[in-house]
Structures are given as structure tokens and as C-alpha cells.
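Okay, structure first, notes after.
Number of protein chains: 2
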Amino acid sequence: MAFHKKEEFGKKEQELADFAKALAHPARIAILKVLAQKNECICGEIVEVLPLAQSTVSQHLKELKNIGLINGTLDGPRSCYCINWKAFERFNNYMNSLFNTLKIKKEKACC
Amino acid sequence: MAFHKKEEFGKKEQELADFAKALAHPARIAILKVLAQKNECICGEIVEVLPLAQSTVSQHLKELKNIGLINGTLDGPRSCYCINWKAFERFNNYMNSLFNTLKIKKEKACC
DNA sequence: AAGCATTATCGTATATTTGCGATATAAAAT
DNA sequence: ATTTTATATCGCAAATATACGATAATGCTT
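Protein chains in written order, with our numbering: chain W, 16 to 126; chain A, 16 to 126.
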């Protein structure tokens, strides 16, 4: 059986894991980079740049939106995406917090 | 069809995605925390702390080892794990680099 | 040599992710 | 009103990930 089990871990660990999962595919990292570079945020432009079908890109965008790393607003027939800096900052802080927590014991290597 | 397609992205994006994937499960984050806190690094202790079967923990350890975030050495019948700080530092730098790259355009929000 | 403790691996079941084409939806343009 | 354009969603197929029990492998202990 492969039940979730993920709920049995701490809330923070769960949330950090979810954030990390959002970055766990090169397409999504590429999307974030495009969103940061071009300030246009239009789906079609992303599709042009990525080696993926429109529906697939749309799916990746949805995942990024669900986790909160990007915002999407309708602009006529198109949709305009952009990075949610607040959420991004939070993620960044989580990551740095994790790194720092782990680094405390850095000197006492055992193997 | 769902072929990989992942190879069609940049090397750096791919590597960062792989790192992120390693953190994309709360069990693996928990393992890293345990490895940092206790400086004992023995598999059995991790199994005791996590709500997972021994074989499952072993699998997660293998993934962390494959990506290079931890080292594992044999110590008699047990195996001693510890964090690979060099790789961790590299991952941290990658992440910060990504954040900084994205932040450059932070002011020009479009939506 | 036999038994014990520890960990890795195998086999298997289930869940999730990835990807595409086809279709639906919605606004704009004709 | 109809067509065009842009995006989202659905349905499906294949690949991966998660989890466990059972078993194998390895090194101590007796």
C-alpha cells in the first residue's frame, strides 16, 4: 500500500516539501525565469519558449499558482501571470532557515 | 505519451530541479534535520523517529545519497549517514542565485 | 559454525506526475 | 452572429514515486 503518510510529518516540513516540489521540475523553474525576465506574463509567450505543448504548460502554471508562487489574472482572452513575491520571499526564508538550522552542527562531522 | 522531456531544459535548471526534488518530501526533510541534530547518523535511529517502515526509510536515504546531499559509510553491520555539506552549500547557492536572478525585476510587477 | 542485529534490495500495489490531443470556454475581431 | 485567438480543462497513456512486507546480505557475537 502506498498511503500518503505525508500528513504525519510537521506542518513546516510539509509546507517546505510542497514548495520544493513546485521547483522539482525544470519546466517550472524555466517558467519562473521567463516570468522574471520578460515582464509580460502571458501564457502564450511561455509556450513559445518551452519545448512543451500548450496544455502541459498550462498545467505547470496551474501547479505554480496552486502553491502560490505565481499570480494569474485574466486580461481579455489571455491570462497574465507574474511571480508572487511575497510567497517567494517566504519560501526563500524557509529554505535559508532550513540551511541555517542544519549548518549549526556543521563542524561535528561524523563520517 | 509522457516521455521525459526533462533533458530538453538547461543543465542548471535540471540540476536545481533534481535538488529540489530531493527536498520534495517531508520525510527527507525530516531525515536531514535528524542527521544535523543527532550527530550519530545511524539508519536505525532515523527509523525510530520517522513514522515509516525501515525499507521505506532506506529508500529515502538512497535518494538523498544519489543526489549527493548525504554521505553513507559502512560501520560494521550498520551504516552511518551524514550530510554532505559541500553539496548542500552548492544547492543553497543555486537556490539563492535563482532567488536573486528573479528578484532583479521585482519592482516591475505587471499584475 | 550458528545465531543475531542491522541494513539493503526485491517484488508488488497504489498514487501521483508528466505529457499530449481533443474539446470546452471566453473574449475580441470581423 | 460568426470566426478567430488564447487559455483551461478533460480524458487518457506512460512514467515515477511512495510504501510495505519479505527476503537477502553483511558483519558481529557466541
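Every residue gets a Cβ at the ideal spot worked out from N, C-alpha and C, and that includes glycine.
What would DSSP say about residue i, mapped onto helix, strand or coil?
| i | result |
| --- | --- |
| ASN86/W | strand |
| LEU38/W | coil |
| LEU65/W | coil |
| HIS75/A | helix |
| LYS20/W | coil |
Going along chain W in order, which residues have a C-beta closer than 8 Å to the C-beta of residue i?
| i | result |
| --- | --- |
| ILE46/A | Going along chain W, no residue has its Cβ under 8 Å from ILE46/A, so there is no contact; the nearest lies around 10 Å. |
State the beta-bridge partners of residue i as determined by DSSP.
| i | result |
| --- | --- |
| ILE57/A | CYS95/A |
So which residues on chain A does residue i lean against when the C-beta distance must stay under 7 Å?
| i | result |
| --- | --- |
| PHE24/W | PRO41, ALA42, ALA45 |
I want to verify the contact list: residues of chain A whose CB lies under 8 Å from the CB of residue i, in sequence order.
| i | result |
| --- | --- |
| PHE114/W | PHE103, ASN107 |
Please report the distance separating the alpha-carbon of residue i from that of residue j.
| i | j | result |
| --- | --- | --- |
| PHE103/W | LEU84/W | 6 Å |
| SER73/A | ILE61/A | 10 Å |
| GLU78/W | PRO92/A | 43 Å |
| CYS97/A | ASN81/A | 13 Å |
| ASN115/A | SER112/W | 17 Å |
| GLU23/W | PRO66/A | 7 Å |
| GLN29/A | ASP90/A | 34 Å |
| HIS40/W | LYS53/A | 32 Å |
| CYS56/A | TYR109/A | 26 Å |
| ALA45/W | HIS19/A | 16 Å |
| LYS127/W | GLY87/W | A question about residue 127/W goes unanswered here, because the residues of chain W that appear run from 16 up to 126. |
| ARG105/W | GLY59/W | 28 Å |
| VAL64/W | ALA37/A | 27 Å |
| GLN69/W | LEU50/A | 42 Å |
| SER94/A | LEU76/A | 11 Å |
| LYS48/A | ALA32/A | 21 Å |
| THR71/W | GLY25/W | 32 Å |
| LYS27/W | ASN99/W | 20 Å |
For the ligand HEM, I want to know if residue i counts as a neighbour, meaning its beta carbon is within less than 6 Å of at least one of the ligand's heavy atoms.
| i | result |
| --- | --- |
| TRP100/A | This structure does not include the ligand HEM; it has no bound ligands of any sort. |
Residues of the segment 60 to 91 of chain W with a CB closer than 7 Å to any CB of chain A: list them in chain order, please. PRO66, LEU67, ASN86, THR88
In chain order, what residues of the segment 96 to 111 of chain A put their CB closer than 9 Å to some CB of chain W? Listed in sequence order: TYR96, CYS97, ILE98, TRP100, PHE103, GLU104, PHE106, ASN107, MET110, ASN111.
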